[in-house]
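Residue numbers (this note's numbering), protein chains in the order written: chain A, 16 to 668; chain B, 2 to 325.
C-beta atoms are modelled at their ideal positions from N, C-alpha and C, and glycine is treated no differently.
The model shown is predicted, which means the values in this text are computed figures rather than measured ones.
Here's the structure, in structure tokens; my notes come after.
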């Protein structure tokens, strides 16, 4: 056994608070260590070259690199020693940067701890066994969850790259939040005019299969080989027959149904097509409001439908599909304004949300683009916009910024002036956050060219006074109290994770933060990957994002999928659990605890039942090994012997 | 509603300026079948002056009373004054949540407080322990012309982590109690707006301005009476109403009743026993407008018939027109 130890300075990151030369000197005394040195930047090209040469020169067969987190460079060094002819699993990394030099300032104590940690790594590397990857085939189909702008972009890019795409959207039409917007900042493009063609492309692309009004029920498998169960929710309308003529909607007697598409700004019919540009343009019954479902009699839509598409007996349908990669673009949600009682959220009709105001501005919205107060349908002259309504507020559970409100408020203030020239907009803000191309100019335009009055300060209370809404706030620049009597108040309510985001994450085995947004592999270097191989993120499912960022990320996720699928075979990670069939008693406790469903029952020739690990499904978490009562299941590269070698070394002082 | 026993900490204001709150609360609780026991030798709760100086000392003043109540063997103390309640809850939560704070406070006390008393406002007792249905069942009288603006004041439900009761921004408990006894409640937006609190002495001008806003908002909301649950709010709105009128050039004449007085009136209790004669702005017309529930029913019936007759009338006219 000839171990080589390489201690990295990482500039002053490690050498600043650890005496690296002493660590190397101490390591030379360890039996089995044939060579130990310290180097300025071990991860650099000359640093790696040094390792390769040392392996040849000194005849090394095991390598320890004491440097940064293995998350950062383990793969780098594995490749390095592989090039020098060693098995890539004959490498151990001792994390002396994140675990030691960055967290302590006492050089003496740090150095002693570093010696211990590197000695442990050396003890383990001497127990390491060579491991070899297996190859498996990739199913080159991709599932995109979410038909908003990010999901559609991802689906189109994948499809244009020649992949078969399944696009699953939970609402009856693709388009997502963007399809609800009137204009987009900072160019004042008509939102649906630029989105509509994409929606049509999605529907007409021969590589894309669209499942609208569908949800993901279950996901099994691993990168390259996922099995998906999709629940096609009952629409009570046979979409193969429905032509989208809208006759049913016209005749439906249930006129006060909640309009999900318009966020309840105005009521809709129980059977409806969400909006004129909907893709697919098919009707759907909302059983919560439909008289046939609520009272058991009506049937008007069935009578008038010229194609006989109505089917009140329809049931959810579950279909199974196989894919090789998944792009999650499930979007965002908005905070329920009832959680903001000081603003009268949900109590006063003339206090509405930004997205509701967007629907009032929209030509295909319930007011046909005329801004009318919900209470009395009159044109408001004084409009107050409240930014950060619930966001950047720990007491509301949303400490983060919602990213795009500053911009859409500026846009809405501009559009308000266009719609009602004699109107006056007030914007209560905490900070103006508009750091994009043309963004700051845009918020300035709202103030300078369109006369929106920006007041820096938070609103404390909103209450009705006669027909007006009084907005009580502070001007923290002037240091005075401000009261505005408004006709309409628009709350830029906080952006939250999409409803059900956490449940979807559990199904996908991807991590999410305390707010329900999905967590990327690395915030800077792996922004669209998750820690689950083959699952990629796009759009606001990962955190509040505006349209350009969502589209960019949608394309990035597609690029990742195309790169993944550029190989016909993928290599599995051999650091997985293995069962010793001689000592396994077949209790199958490991099967019960495995979070990935990687353990299966296996009958040996003699009829003995043992556990069996499916290598490609196993994620190497090690839960099974700590569960096994007889130690028969071991995680390769982290076996009991390997870990005990580390512990023994630490205790032998 | 079975008989229940509560410790009752009235505090200094209910002995003096708010004696009618004390009287009416006792009467209403008696009518609801609750026994109130006053702790012996109770002392100041700490209130405003103490907690601005020293939190441990302030908690000790409240905890002394809590320790006496603990010895009485009653688990819940009802505290009508929000200021006392806040002091009690702060002391209780501090001493049950923080061991070192508890030690510091107990060092100052003759008898230690072990955290066995639950301080609740009278509103909380009525909503949570008695229940709105039981509160409504005792009603014998109606106040047909009354529209009440329920005014909670700033500290009854706040801060939420201390008060742990009702909504800190849009409380509904008093609204619900008043509606349960058949009183009409106005949509009052200034439920929690500050009345000026204890600034009546050092900055009277400020109190006048703030109180005037509360009063005018109540009237704007269509109310002809304000219901309160805080002695200081009552004082600022009632006692100082003429002050507000003279400095602000207003002409308010709106009675400020404790919610317990209104509940008492619907229970048919005598106005004298409820201390209604102790109000500065007269509530006589409210008392005079009181009728029994039966009378109210008859009136309603009569109104319905009148409406029916009014609807029927045009038909007769039509017939006449046809005849001629």
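In whole angstroms, what separates the C-alpha of residue 193 of chain B from that of residue 186 of chain A? Whole-angstrom Cα-Cα distance: 41 Å.
Under the three-state reduction of DSSP, which class applies to residue 164 of chain A: helix, strand or coil? helix
Which value, in whole angstroms, describes the spacing of the CA atoms of residue 664 of chain A and residue 521 of chain A? 39 Å
Which chain A residues sit within Cβ distance under 7 Å of residue 190 of chain B? 478 and 479
From residue 288 of chain B to residue 267 of chain B, what distance separates their C-alpha atoms? 10 Å
Roughly how many angstroms lie between the CA atoms of residue 137 of chain A and residue 653 of chain A, to the nearest whole one? 14 Å
My output table needs one value for residue 313 of chain B: the three-state DSSP class, helix, strand or coil. helix
At 3 residues or longer, what runs of the beta strand (DSSP E) sit wholly inside the region 130-181 of chain B? 148-152
Chain-order list of residues whose beta-carbon lies under 6 Å from that of residue 102 of chain A (same chain, five-residue window excluded): 145
Please report how far the alpha carbon of residue 269 of chain A lies from the alpha carbon of residue 306 of chain A, in whole angstroms. 7 Å
Terminal residues of the continuous alpha helix (DSSP H) containing residue 391 of chain A? That residue, residue 391 of chain A, is in no alpha helix (DSSP H); it is neither H nor E in DSSP.
Leaving aside the five residues before and after residue 297 of chain A along the sequence, list all residues of the same chain whose C-beta is less than 6 Å from its C-beta, in chain order. Answer for residue 297 of chain A: 254, 257 and 259, listed in chain order.
Using DSSP with H/G/I as helix, E/B as strand and the rest coil, what is residue 62 of chain A? helix
Under 6 Å Cβ to Cβ from residue 29 of chain B, same chain only, skipping five residues before and after it: list those, please. 261, 264 and 265
Spatial distance of residue 156 of chain B from residue 84 of chain B (CA atoms): 7 Å
Apart from the five residues on each side of it in sequence, which residues of its chain come closer than 8 Å, Cβ to Cβ, to residue 526 of chain A? 520, 533, 534, 545 and 546
Between A/440, A/658 and A/290, which has its C-alpha nearest residue 383 of chain A's C-alpha? A/290
Starting from residue 457 of chain A, follow the alpha helix (DSSP H) in both directions and report where the run begins and ends. 454-463
Tell me which residues of the region 161-174 of chain B have at least one Cβ-Cβ distance to chain A shorter than 7 Å, keeping chain order. From the region 161-174 of chain B, only 168, 170 and 171 have a Cβ closer than 7 Å to chain A.
Within 8 Å, strictly: CB atoms of residue 92 of chain B and residue 64 of chain B: Yes; because the gap between Cβ atoms is below 8 Å, this pair is in contact.
With DSSP collapsed to three states, give me the class of residue 1 of chain B. Outside the shown range of chain B (2 to 325) lies residue 1 of chain B, about which nothing can therefore be said.
Quick one: what's residue 533 of chain A bridged to in DSSP? A/527
Could you list which residues in chain A have their beta carbon closer than 7 Å to that of residue 221 of chain B, in chain order? Here the neighbours are 480.
Are residue 50 of chain A and residue 69 of chain A touching if we call contact CB-CB under 8 Å? Their beta carbons are under 8 Å apart, which means residue 50 of chain A touches residue 69 of chain A by this criterion.
Nearest-angstrom Cα distance between residue 8 of chain B and residue 79 of chain B? 6 Å
Reduced DSSP category for residue 282 of chain A - H, G, I as helix; E, B as strand; rest coil: coil
What is the rounded straight-line gap between the Cα of residue 2 of chain B and the Cα of residue 154 of chain B? Bear in mind that a pLDDT of 40 at residue 2 of chain B, under 50, signals an unreliable position, so the model cannot answer this.
With DSSP as the reference, please indicate the residues paired to residue 15 of chain A in a beta bridge. It is not possible to answer for residue 15 of chain A, since the shown part of chain A is limited to 16 through 668.
Spatial neighbours of residue 292 of chain A within its chain, please: CB distance less than 6 Å, with the 5 preceding and 5 following residues excluded, ordered by chain position. 207 and 211
With 7 Å as the limit, tell me which residues of the region 339-366 of chain A have their beta carbon closer than that to any beta carbon of chain B; keep them in chain order. 356 and 357
Can you name, in chain order, every residue of its own chain whose Cβ lies under 7 Å from the Cβ of residue 45 of chain B, other than the five neighbours on each side? So the qualifying residues of the chain are 13 and 62.
Would you kindly work out how many angstroms separate the C-alpha atoms of residue 552 of chain A and residue 380 of chain A, rounded to a whole number? 31 Å
My output table needs one value for residue 544 of chain A: the three-state DSSP class, helix, strand or coil. strand
Excluding the five sequence neighbours on either side, which residues of its own chain have a C-beta within less than 6 Å of the C-beta of residue 681 of chain A, listed in chain order? There is no way to answer for residue 681 of chain A, as the model of chain A reaches only from 16 to 668.
May I have the straight-line CA-CA distance separating residue 27 of chain B from residue 368 of chain A, to the nearest angstrom? 47 Å
Top-ranked residue by Cα proximity to residue 622 of chain A, from A/555, A/596 and A/503: A/596
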